[in-house]
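First residue of the sequence shown? That's 1 in the UniProt record's numbering, and the numbers climb one at a time after it.
Every residue gets a Cβ at the ideal spot worked out from N, C-alpha and C, and that includes glycine.
See below for the structure under consideration.
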Amino acid sequence: MDLATQPLTEKNRDAYYWRLLATAASFTLFGVGGMCLRLVIFPLLGCLPGDAQTHRLRARQTVSRCFWFFVRFMARVGVLTYDIQGAEKLGRPGQMIIANHPSLIDVVFLIGLVRHSNCVVKQSLWENPFTRGPLRRTDYISNDGSMEMLDAAADALKNGQTLIIFPEGTRTQPGQAPAFHRGAAAIALRGAKILTPVVIKVSPTTLTKAEPWYRIPKRRVHFSFRVGADIDPQAFAALGPAPQASRKLNDYLHSYFIKELAEDERSAH
């Protein structure tokens, strides 16, 4: 019998309110941490010697370590659990990491795992006082939908950076299949040496689109990250002109994620 369908016991009720408190503490920590990075840590790092590339790498590694500390904090206080399969395959030069986007903190996990990665992030984060400072220092790429964004992402890959991107552009609606925009496929064809899919599953769903942080599930959330086999973008580049190749690669990726997520759903029942 599924315990989630049973009435809450006193013990479960205590755990629920503890997790609610721990979730509030986690979001507070994230906000305070962002302001500390902006006002204290990054100005201090900026005083260290080095060229622009060195400063950018320091900033990215600092954000990555802070994000991983945040993940570990949430795990330690009982907000979530997680498992990661294939993390050793992430972080190679010219690698584009592509993932579905079921939850608000997917990007926190992936940036935490890949210490020096670049990332395509949504435009609104550049206007958020807690995140705009770190974004400026790390030189992450704003997902404004422009050709300049596509060029910047492709150039980053050509220069040997690892790039994380969520082709949906926003979080998946619960109960719906992911819908990929073609921009990610176009970037991969123009600059990626390898394309590596990461399938993310969150059970039960939480922090989905338009869902407030305090609406937590009745049991602890589990995040599962499964790194798939590498895909060679040039195998699709050979299938025709750029628009046609981009469409075929996007269709392939879309089908891949739908299949993998469907298999996870079947195995869970």
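* To do: Taking only runs that begin and end inside the region 216 to 259, name each unbroken beta strand (DSSP E) of 3 or more residues, in chain order.
  => Runs found: 221 to 227.
* First and last residue of the beta strand (DSSP E) that includes Ile165? -> The residue labelled residue 165 in the question sits at position 165 within the sequence shown. Per DSSP, the continuous beta strand (DSSP E) segment holding Ile165 begins and ends at 163 to 165.
* Got a sec, what are the start and stop residues for the alpha helix (DSSP H) Ile111 sits in? -> For the purposes of this step, residue 111 is identified with residue 111 of the sequence shown, where counting begins at 1. That run of the alpha helix (DSSP H) goes 106 to 113.
* Sort Leu253, Arg220, Pro212, Pro243 by Cα distance to Phe27 and report the nearest one. => The sequence position of residue 27 within the sequence shown is 27, counting from 1. If you compare the alpha carbons of Leu253, Arg220, Pro212, Pro243 with that of Phe27, the shortest gap goes to Pro212.
* Asked: Straight-line CA distance for Phe223 to His55?
  -> Residue 223 sits at position 223 when you count from the first residue of the sequence shown. Residue 55 sits at position 55 when you count from the first residue of the sequence shown. Between Phe223 and His55, the C-alpha separation is close to 32 Å.
* Reference Gly183, options Lys209, Ala245, Pro217, closest by Cα -> If you number the sequence shown from 1, residue 183 lands on position 183. Ala245 is the residue among Lys209, Ala245, Pro217 whose C-alpha sits nearest the C-alpha of Gly183.
* Rounded separation between Asn250 and His181 - CA only -> Locating residue 250 in the sequence shown gives position 250, where the first residue counts as 1. Locating residue 181 in the sequence shown gives position 181, where the first residue counts as 1. Cα-Cα distance, rounded: 8 Å.
* **Neighbourhood of Ala46 by C-beta distance below 7 Å, restricted to the same chain and skipping five residues each side** => By one-based count along the sequence shown, residue 46 stands at place 46. According to the sequence as given, residue 46 is Gly; it is not Ala. Closer than 7 Å at Cβ, skipping near neighbours: His55.
* Asked: Are the Cβ atoms of Gly94 and Leu113 separated by less than 9 Å?
  -> For the purposes of this step, residue 94 is taken as the residue at position 94 of the sequence shown. For the purposes of this step, residue 113 is taken as the residue at position 113 of the sequence shown. No, the pair does not count as a contact, with Cβ atoms beyond the cut-off.
* Asked: Looking only at its own chain, which residues have a Cβ that is under 8 Å from the Cβ of Phe73, when we skip the five neighbours before and after it?
  -> Translated into the one-based positions of the sequence shown, residue 73 becomes position 73. Cβ neighbours of Phe73 beyond the five flanking positions: Ser26, Leu29.
* Along the chain, where does the beta strand (DSSP E) that runs through Asp155 open and close? -> Counting from 1 along the sequence shown, the entry for residue 155 is found at position 155. Where Asp155 is concerned, there is no enclosing beta strand (DSSP E), although the alpha helix (DSSP H) around it starts and stops at 147 to 158.
* So what does DSSP say about Pro134, is it helix, strand or coil? -> For this step, residue 134 is matched to residue 134 along the sequence shown. DSSP places Pro134 in helix when its eight states are reduced to three.
* Asked: Which of helix, strand or coil does DSSP assign to Gln173?
  -> The residue you call residue 173 lines up with position 173 of the sequence shown. Correct three-state label for Gln173: coil.
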